[in-house]
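Asker: My questions all concern the structure below.
Number of protein chains: 2
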Amino acid sequence: MSKVEEVINAVLKKVRPSAVERKAVNRVVSEVLSRIKNVASRLGFEVEVRVEGSIAKDTWISGDRDIDVFIRLPKEIGREGLESIGLRIAREAAGDKWIECYAEHPYVEAEIYGFTVDLVPCFMVSSAEEATSAVDRTPFHTDYINSHLSGELKDEVRLLKQFMKGIDVYGAEVKVQGFSGYLCELLILHYKSFIRVLEAAAYDWKPYSTVIDIENYYADSDEPLALFKAPLVVVDPVDKRRNVAAALSLQKMCEFIAASKAFIKSPDLKFFYPPPIMPLNIDEVLREIEKRGTDFVFIVTRCPKASPDVLWGQFYKSVEGIRRLLEVYDFKVIDCAVWSDESKYLIFMFELESACLPALEKHLGPPVYSREHSERFIEKYLEVVAPIAGPKIEGDRWVVYLKRKYFNACDLIGEKLLEARLGKLVYSELSRGFQIMLNEEVSEIYRDLRDFAVFFTRYLFGKPRWLL
Amino acid sequence: MSKVEEVINAVLKKVRPSAVERKAVNRVVSEVLSRIKNVASRLGFEVEVRVEGSIAKDTWISGDRDIDVFIRLPKEIGREGLESIGLRIAREAAGDKWIECYAEHPYVEAEIYGFTVDLVPCFMVSSAEEATSAVDRTPFHTDYINSHLSGELKDEVRLLKQFMKGIDVYGAEVKVQGFSGYLCELLILHYKSFIRVLEAAAYDWKPYSTVIDIENYYADSDEPLALFKAPLVVVDPVDKRRNVAAALSLQKMCEFIAASKAFIKSPDLKFFYPPPIMPLNIDEVLREIEKRGTDFVFIVTRCPKASPDVLWGQFYKSVEGIRRLLEVYDFKVIDCAVWSDESKYLIFMFELESACLPALEKHLGPPVYSREHSERFIEKYLEVVAPIAGPKIEGDRWVVYLKRKYFNACDLIGEKLLEARLGKLVYSELSRGFQIMLNEEVSEIYRDLRDFAVFFTRYLFGKPRWLL
């Protein structure tokens, strides 16, 4: 048996749900279905109830505890009806332990016999093109996969999903910007096996030029590439106007490409089940920062209240906005990142070449032969603004050396942070208060928040786990 | 009387040689001429002796102590004859105090009655085009000016020269790269007065597009501009293939333009006679460096032996070479300069944003989808070179964070200085030894060398003196 087969067999043993597990899932599913039907008929509504997601498609991985149940209501009841009737049914069927959530649609997340069951009201539409949201489209995806994906290929999907989880590219949520479950299923459908998906990614995929069009909706790849402008284009078999890989970032696509190459070269279980990250102790962290000779600036604030997708959209936008602020004032940002527990803490992190710039900065003026400008320039810097040195002539231009307004990154952030391009909710929190921490000042936070410690340790290693 | 006239009249009083002074000069000149003739006839050679330069053209400034006397020999005696016979005559006519010098030609510099008299052997040629060196061409310049420049205009030349001295743009030597005396005379000839030269410079001159062609050798300015490719083109009236302003740098041309504008706007004696620079004391210097927040690196070595033009050519080339070395290794050079007393000391000076870089540097690798390269890259940075962080993926590329080889500018210079692009003589001296000084380490040198202290004080002010 080859090393690949060996690894794959070992993974298959882990990802295939056992008979006992299937039974447990089925029990929860039928319980939920009957609860919903009872509630609906008691309330006098006729609804269609369907299990969706990986359970419905039999592509779930052993140990998954998520079940999606869709409550399909006639379109005529409208958005309001959906929210009042649909949610009422969901709530009453949910049992004791549930919360109401809101993504594109409102839904109920219940805990039933140790499973997380999403009870999702949606409209009954006759085709995916009619769908007004991802939720309405889901049943068509389920149907498509169930009618096209053969039994043998379901294990291949499980392998691919577990591989993607192991290398941290699984999940289409904003935080991850990776591969959705449906995208994994389509990749298997197209390439016919886990290993062939990896081979294609390793050898053929190239960002912004790869198109997968299972139903051959488009004659060649030019049209979908122009239409979708995404790193990877996978035309939705149930709706040709949709790119199933729309949420996939260049970063995650490339991480998948690189990991695929690496796996093919030396197959290993660690791609599927990477070793856990043990956070460094704080002394090691401080030594590491010292060794790099760079400066770490942390901005710590409270996490706003919103759904994870909304939060992470704002976090990513804000971290780029703050990076831009630093760069506009000449600080060299080596890298930046954002961490949040999605409830209490939000921490922006910037690694700078240096948090201190020289006090002096060179400011180029007009060419000396430009009559009006050079006169104004000299007047300004002789009479209005007192430069550190100059005005002087360098080559054919006037220059002055000015005192930099912000030569300390922490001062800049302290005064200008709210002028950065920030997400609205992040702006609100920051305007209520934040703390700036430089290098070792992060020690207390690092000691208190283990998840943050793991995050920062990973950043310091800076390696994908499959390379560790 | 307008302010301009007032200033000009005051300057004229100072720059016009007095009757007493003229008499003294004439006495020296006739003494030297008769000495040369006696020596030549004693040796059995017939030579033509001519006074050249500003004395011959009556454009010298009161107080000038330089007299040029040319000993013209028949072309037939050749280079060797020129050096044996010509120099012998010069030496024997020089009196007690003289040194032999060598620029393009060998000549003798004598001190006679307090004047510096250059005794210059040269060939008798019948036209400037025949000249094999600047020295052979000089008599034609003298003749041209004497036959074209009227008596009234000679004072205008004196004003222009003194103005250029005052603003530090006078002199065509390599160190200055400014305006020669002959160039001043031609500018007056062309524009007819001191003030009109300044107006032209202030309002009309533009680097690389201004041509002055007194004899109208060229139909338009395109041909000479293409031919000479210099900031300013002044076609030599005695040789159309020569640009009299060839030695003028963009920097000095622009300083003249800027000073001309400033003088026209507010005429002042200080343009002609700027206040002397009083060097700061060393504590003030150190406070100033502190205030700027930058780092000053000085490289101190012995000055090579050569003529000033050779030296400064090599100094400027070397300072640029060292700047390049620093920049290649990521140091940000704000400005650099070189100082030398042309005999003992040579000091290169670099003002850096910081003499210390972070230990860590980001190194971009290949795109992850580039098959061969990315494999080699990962192998290299996993197995051969141990990076501080990575390899990791950023966007579609591999990156690693490496330990910088040189994060201290002084270390870099200490190890790599001789690999910079240096002048040959400078290389020789540096290979025999140099000292690197950072910031306050320059104190002793600063205290000991007053000229260097003046130079560095001027650098720190960074203003032309007419703006002080």
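Residue numbers (the UniProt record's numbering), protein chains in the order written: chain A, 1 to 468; chain B, 1 to 468.
Just so it is clear, CB atoms sit at the ideal spot from N, CA and C, and this is done for glycine as well.
(1) Answer yes if the region 186 to 203 of chain A comes into contact with the region 252 to 272 of chain A, meaning at least three C-beta pairs across the two stretches below 8 Å, and no otherwise.
(2) Is residue 350 (chain B) close to chain A? Criterion is C-beta to C-beta, closer than 9 Å.
(3) Below 9 Å between beta carbons: does that hold for residue 357 (chain A) and residue 407 (chain A)?
(4) Does residue 162 (chain B) pass the burial test, meaning 16 or more other C-beta atoms within 10 Å, or should it be called exposed?
(5) What's the call for residue 191 (chain B), buried or exposed, on a 16-neighbour Cβ count within 10 Å?
(6) For residue 401 (chain A), which residues in chain B fall below 7 Å Cβ to Cβ?
(7) Whole-angstrom Cβ separation of residue 110 (chain B) and residue 94 (chain B), contact assumed at under 8 Å?
(8) Can you have a look at residue 429 (chain B) and say buried or exposed, based on whether 16 or more other CB atoms are within 10 angstroms of its CB?
(9) Please state if the CB of residue 252 (chain B) and the CB of residue 179 (chain B) are separated by a distance shorter than 9 Å.
(10) In the DSSP assignment, what residue or residues form a beta bridge with residue 490 (chain A)?
(11) Identify every residue that forms a DSSP beta bridge with residue 340 (chain A).
(12) Could you tell me the distance, in whole angstroms, from the CA atom of residue 218 (chain A) to the CA atom of residue 51 (chain A)?
(13) Would you call the region 431 to 443 of chain B and the region 319 to 331 of chain B touching, i.e. three or more CB-CB distances under 8 Å?
(14) Using CA atoms only, rank isn't needed, just tell me which of B:382, B:372 and B:302 is closest to residue 343 (chain B).
(15) Grouping DSSP H, G and I as helix and E and B as strand, with all else coil, what is residue 273 (chain A)?
(16) Report the three-state DSSP secondary structure of residue 58 (chain A) (helix, strand or coil).
(17) So, residue 255 (chain A) versus residue 368 (chain B), is the Cβ gap smaller than 9 Å?
(18) Verify the contact flag: residue 58 (chain B), CB atom, against every heavy atom of the ligand FAD, threshold strictly below 8 Å.
(19) Going by DSSP, which residues form a beta bridge with residue 161 (chain A)?
(20) Using 10 angstroms around the beta-carbon of residue 116 (chain A), count the other beta-carbons present and answer buried if the total reaches 16, otherwise exposed.
(21) I'd like to know whether the C-beta of residue 407 (chain A) is nearer than 9 Å to at least one C-beta of chain B.
(22) Below 8 Å on the Cβ atoms is my guess for residue 188 (chain B) versus residue 197 (chain B); work out the distance and round it to an integer in Å.
(23) Can you tell me which of the three DSSP states residue 105 (chain A) falls into?
(24) Under 7 Å Cβ to Cβ from residue 485 (chain B), same chain only, skipping five residues before and after it: list those, please.
(25) What are the start and end residues of the beta strand (DSSP E) that includes residue 115 (chain A)?
(26) So what's residue 132 (chain B) in DSSP terms, helix, strand or just coil?
(27) Is the region 124 to 139 of chain A touching the region 232 to 248 of chain A in the sense that three or more CB pairs, one from each, lie closer than 8 Å?
(28) Mark residue 43 (chain B) as exposed unless 16 or more other C-beta atoms lie within 10 angstroms of its C-beta, in which case mark it buried.
(29) Any idea what DSSP makes of residue 140 (chain A), helix, strand or coil?
(30) Per DSSP, what kind of secondary structure is residue 238 (chain A) in: helix, strand or coil?
(31) Is the beta carbon of residue 296 (chain A) closer than 9 Å to that of residue 227 (chain A)?
(32) Take the Cβ of residue 220 (chain B) as the centre, count every other Cβ of all protein chains shown within 10 Å, and call the residue buried at 16 or more, exposed below.
(33) Measuring alpha carbon to alpha carbon, tell me which residue in A:158, A:452 and A:459 is nearest residue 63 (chain A).
(34) Out of B:265, B:347, B:14 and B:330, point me to the one whose CA is closest to residue 453 (chain B)'s CA.
(35) Counting only runs of 3+ residues fully inside the region 409 to 448 of chain A, write out the beta strand (DSSP E) ranges in chain order.
(36) Beta-carbon within less than 6 Å of residue 442 (chain B)'s beta-carbon, same chain only, minus the 5 sequence neighbours each way: which residues are those?
Answerer: From the atom records:
(1) yes
(2) For the purposes of this step, residue 350 (chain B) is identified with residue 350 of the second sequence, where counting begins at 1. Residue 350 (chain B) does not count as touching chain A.
(3) Here residue 357 (chain A) corresponds to residue number 357 of the first sequence, with the count starting at 1. Here residue 407 (chain A) corresponds to residue number 407 of the first sequence, with the count starting at 1. For residue 357 (chain A) and residue 407 (chain A), yes; Cβs fall inside 9 Å.
(4) Taking the second sequence and counting its residues from 1, one reaches residue 162 (chain B) at position 162. Buried is the call here.
(5) Along the second sequence, read from residue 1 onward, the residue named residue 191 (chain B) stands at position 191. Residue 191 (chain B) should be labelled buried.
(6) As a working note, residue 401 (chain A) is residue 401 in the first sequence. Chain B residues near residue 401 (chain A): 462.
(7) Taking the first residue of the second sequence as 1, we reach residue 110 (chain B) at position 110. Taking the first residue of the second sequence as 1, we reach residue 94 (chain B) at position 94. Contact flag correct, Cβ pair sits at about 4 Å.
(8) Position 429 of the second sequence, counting from 1, holds the residue named residue 429 (chain B). With 16 or more other Cβ atoms within 10 Å, it is buried.
(9) Residue mapping note: residue 179 (chain B) aligns to position 179 of the second sequence, counting from 1. Residue mapping note: residue 252 (chain B) aligns to position 252 of the second sequence, counting from 1. Contact: yes.
(10) Because chain A spans 1 through 468 in this model, residue 490 (chain A) falls outside it and cannot be assessed.
(11) As a first step, residue 340 (chain A) must be located in the first sequence, where it is residue number 340. Residue pairing by DSSP puts residue 340 (chain A) in a beta bridge opposite A:346.
(12) On the first sequence, position 218 is the one that residue 218 (chain A) refers to. On the first sequence, position 51 is the one that residue 51 (chain A) refers to. Cα to Cα, residue 218 (chain A) sits roughly 32 Å from residue 51 (chain A).
(13) Judged by Cβ distances under 8 Å, the region 431 to 443 of chain B makes no contact with the region 319 to 331 of chain B, as fewer than three pairs qualify.
(14) Here residue 343 (chain B) is taken as the residue at index 343 of the second sequence, counted from 1. The shortest C-alpha separation from residue 343 (chain B) is found at B:302.
(15) The sequence position of residue 273 (chain A) within the first sequence is 273, counting from 1. Coil at residue 273 (chain A), not helix or strand.
(16) Looking up residue 58 (chain A) in the first sequence gives position 58. Note: residue 58 (chain A) maps to coil in three-state DSSP.
(17) For this step, residue 255 (chain A) is matched to residue 255 along the first sequence. For this step, residue 368 (chain B) is matched to residue 368 along the second sequence. Yes, they are a contact pair.
(18) Among the components of this structure there are no ligands whatsoever, and the ligand FAD is therefore not found.
(19) Working through the first sequence from its first residue, we reach residue 161 (chain A) at position 161. Note: residue 161 (chain A) sits in no beta bridge, so no partner.
(20) For the purposes of this step, residue 116 (chain A) is taken as residue 116 along the first sequence, with counting starting at 1. So residue 116 (chain A) counts as exposed.
(21) Residue numbering aside, residue 407 (chain A) sits at position 407 when the first sequence is read from its first letter. Yes, residue 407 (chain A) lies at the interface with chain B (some Cβ there is under 9 Å from its Cβ).
(22) Taking the first residue of the second sequence as position 1, residue 188 (chain B) is located at position 188. Taking the first residue of the second sequence as position 1, residue 197 (chain B) is located at position 197. 6 Å between Cβ atoms; contact.
(23) Counting from 1 along the first sequence, the entry for residue 105 (chain A) is found at position 105. Coil at residue 105 (chain A), not helix or strand.
(24) With chain B running from 1 to 468 in the structure shown, residue 485 (chain B) is simply not present.
(25) The count along the first sequence starts at 1 and reaches residue 115 (chain A) at position 115. Its beta strand (DSSP E) spans residues 115 to 124.
(26) Translated into the one-based positions of the second sequence, residue 132 (chain B) becomes position 132. DSSP places residue 132 (chain B) in coil when its eight states are reduced to three.
(27) Taking a contact to require three or more Cβ pairs closer than 8 Å, the region 232 to 248 of chain A and the region 124 to 139 of chain A qualify as touching.
(28) To locate residue 43 (chain B), count along the second sequence from 1; it is residue 43. Answer is exposed; the Cβ neighbour count stays below 16.
(29) Mapped onto the first sequence, residue 140 (chain A) falls at position 140. Helix, per DSSP.
(30) Residue numbering aside, residue 238 (chain A) sits at position 238 when the first sequence is read from its first letter. Coil at residue 238 (chain A), not helix or strand.
(31) Along the first sequence, read from residue 1 onward, the residue named residue 227 (chain A) stands at position 227. Along the first sequence, read from residue 1 onward, the residue named residue 296 (chain A) stands at position 296. Not in contact: residue 227 (chain A) and residue 296 (chain A) (Cβ atoms no closer than 9 Å).
(32) Taking the first residue of the second sequence as position 1, residue 220 (chain B) is located at position 220. With fewer than 16 Cβ atoms within 10 Å of its Cβ, residue 220 (chain B) is classed as exposed.
(33) Here residue 63 (chain A) corresponds to residue number 63 of the first sequence, with the count starting at 1. Nearest of A:158, A:452 and A:459 to residue 63 (chain A), Cα basis: A:158.
(34) Looking up residue 453 (chain B) in the second sequence gives position 453. Ranking B:265, B:347, B:14 and B:330 by Cα distance to residue 453 (chain B) puts B:347 first.
(35) You should have 435 to 438.
(36) Here residue 442 (chain B) refers to the residue found at position 442 of the second sequence. Excluding sequence neighbours, residue 442 (chain B) sits near 298.
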